[in-house]
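Everything below concerns the one structure shown next.
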Amino acid sequence: MEYSKVSIITVCFNAASTIAETIESVATQVDADIEHIVIDGNSNDGTQSVVEAHLRDNLVFVSEPDEGLYDAMNKGVQLAKGDIIAFLNADDVYASANVVGHAVAAINENTVSCVYADLVFVDAIDTSLVKRVWSSQSHTPRLCFSGLDARASNVIHAAY
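Residue numbers (my numbering): 4 to 163.
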């Protein structure tokens, strides 16, 4: 089976200062068919206005009270139409415009169920200043949630 459509879920609450950059990071991805689902927990800081100013055909926006982070994530999963589900936090961005495309290719070429990569933590003001790097490691069962179909034989580390 060839996987193509990716549902990227971003959950947020009072993220007006960061959500625009996150949305733009998703919007600039190439080589991938993406729907971006933003689930807002009924923010009171202007988050809704920021998201609405960035609405596109492939952006689904829901703003309503929720029961917390995991409830919001589950709402996003229920709305997702993609073959692949990804999560991107409301204050995160992709390192380059081809991250999602590379992940889709890795999944399709290697018959894997899960793709993960390194994380680079940067300064909130000057994103050229790297504060910390989390280097991903080879897959171990403890890296995955119980019940997730992610055995060593079907997980790949994508260093993009």
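Built from N, CA and C at the ideal position, the CB exists for glycine as well.
Legend entry - CA-to-CA distance, Y73 to E55, given in whole angstroms: Locating residue 55 in the sequence shown gives position 52, counting from the first residue. Locating residue 73 in the sequence shown gives position 70, counting from the first residue. About 23 Å.
Legend entry - According to DSSP, residues forming a beta bridge with F64: Position 61 of the sequence shown, counted from the start, is the residue given in the question as residue 64. According to DSSP, F64 bridges with V41.
Legend entry - Nearest residue (CA-CA) to C15, options T31, V33, G49: Taking the first residue of the sequence shown as 1, we reach residue 15 at position 12. For C15, the nearest C-alpha among the options comes from G49.
Legend entry - Cβ distance (whole Å) where S10 is taken to contact D43 below 8 Å: Numbered from its first residue, the sequence shown carries residue 10 at position 7. Numbered from its first residue, the sequence shown carries residue 43 at position 40. Not quite, the Cβ-Cβ distance comes to about 17 Å (not below 8 Å), so this is no contact.
Legend entry - Identity of the residue in E38, V33, L132 nearest F90 by Cα: Within the sequence shown, the letter at position 87 stands for residue 90. Comparing Cα-Cα distances from F90 to each of E38, V33, L132, the minimum goes to E38.
Inset, instruction - Consult DSSP for D74 and reduce its assignment to one of helix, strand or coil. - result: Counted from its first residue, the sequence shown places residue 74 at position 71. Three-state result, D74: helix.
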